[in-house]
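Visitor:
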Amino acid sequence: MRRSTFFTLINAILVFTVQATGSPIDQQLEQRTKHGRGTWFDVGLGACGNTNVNSDHIVALAIDMYNGGSHCGKSVTITNTVNGKTATGIVADECPVCGFKDLDMSPSLFKELGDLNTGVLAIAWNLN
Numbered sequence: 797m798r799r800s801t802f803f804t805l806i807n808a809i810l811v812f813t814v815q816a817t818g819s820p821i822d823q824q825l826e827q828r829t830k831h832g833r834g835t836w837f838d839v840g841l842g843a844c845g846n847t848n849v850n851s852d853h854i855v856a857l858a859i860d861m862y863n864g865g866s867h868c869g870k871s872v873t874i875t876n877t878v879n880g881k882t883a884t885g886i887v888a889d890e891c892p893v894c895g896f897k898d899l900d901m902s903p904s905l906f907k908e909l910g911d912l913n914t915g916v917l918a919i920a921w922n923l924n
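Heads up: the sequence shown runs through residues 797 to 924, numbered per my numbering.
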């Protein structure tokens, strides 16, 4: 077998394996603690297909992290890195303006971590 054919075959196998199982790097990123900004929004019909109200503890993930809804229904543990308060929410929506490591939260969840008037919190969070 020619060398270029061999490498083409190996590359095709690797691409198929990553597409079928998900990248090990993607899986590691999901498990790591992420540090970003926490904001809040008035909830309603979320991208995961459920209608929520502001008293529900939900989060919206950045579009890239939302990944077509692959995290819908997963719990997220969030810590305000300034005051140490921690709360848990459920992924129910996507946030089109969030950075990759940012979360948009329902008002009730945001209030568990800080004051709504603050608007933006420094947070650390994990998908559970």
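Backbone N, C-alpha and C fix where the C-beta goes; we use that ideal spot for every residue, glycine too.
Rounded to whole angstroms, how far is the Cβ of residue 904 from the Cβ of residue 866, which I believe are closer than 8 Å?
Guide: That pair is no contact at about 25 Å.
Visitor: Under 8 Å by Cβ, that's how I've got residue 872 and residue 923 pegged, so tell me the actual separation to the nearest angstrom.
Guide: Sure, about 6 Å apart at Cβ, within 8 Å.
Visitor: CB-CB under 7 Å to residue 912, same chain, minus the five flanking residues each way: which ones, in chain order?
Guide: Cβ within range, chain order: 836, 903, 906.
Visitor: Going by C-alpha distance, which of 914, 888, 920 is nearest residue 853?
Guide: Ranking 914, 888, 920 by Cα distance to residue 853 puts 888 first.
Visitor: Have a look at 917, 896, 833, 920 and flag the residue whose alpha-carbon is nearest the alpha-carbon of residue 859.
Guide: For the residues 917, 896, 833, 920, the minimum Cα distance to residue 859 belongs to 896.
Visitor: From which residue to which residue does the alpha helix (DSSP H) around residue 871 run?
Guide: Counting along the chain, residue 871 falls outside any alpha helix (DSSP H), though it belongs to the beta strand (DSSP E) covering 871-876.
Visitor: Note down the Cα distance separating residue 919 from residue 900, rounded to an integer number of angstroms.
Guide: Approximately 11 Å between the Cα atoms of the pair.
Visitor: Do residue 898 and residue 833 have their C-beta atoms within less than 8 Å of each other?
Guide: It is a contact, given that the beta carbons lie within the stated cut-off.
Visitor: Just to confirm my understanding: we take residue 870, look at its own chain, exclude 5 residues before and 5 after, and list those with CB closer than 8 Å. What are they?
Guide: Here the set comprises 886, 887, 923, 924.
Visitor: Going by Cα to Cα distance, which pick from 831, 856, 830 is closest to residue 840?
Guide: Cα-wise, what sits closest to residue 840 is 856.
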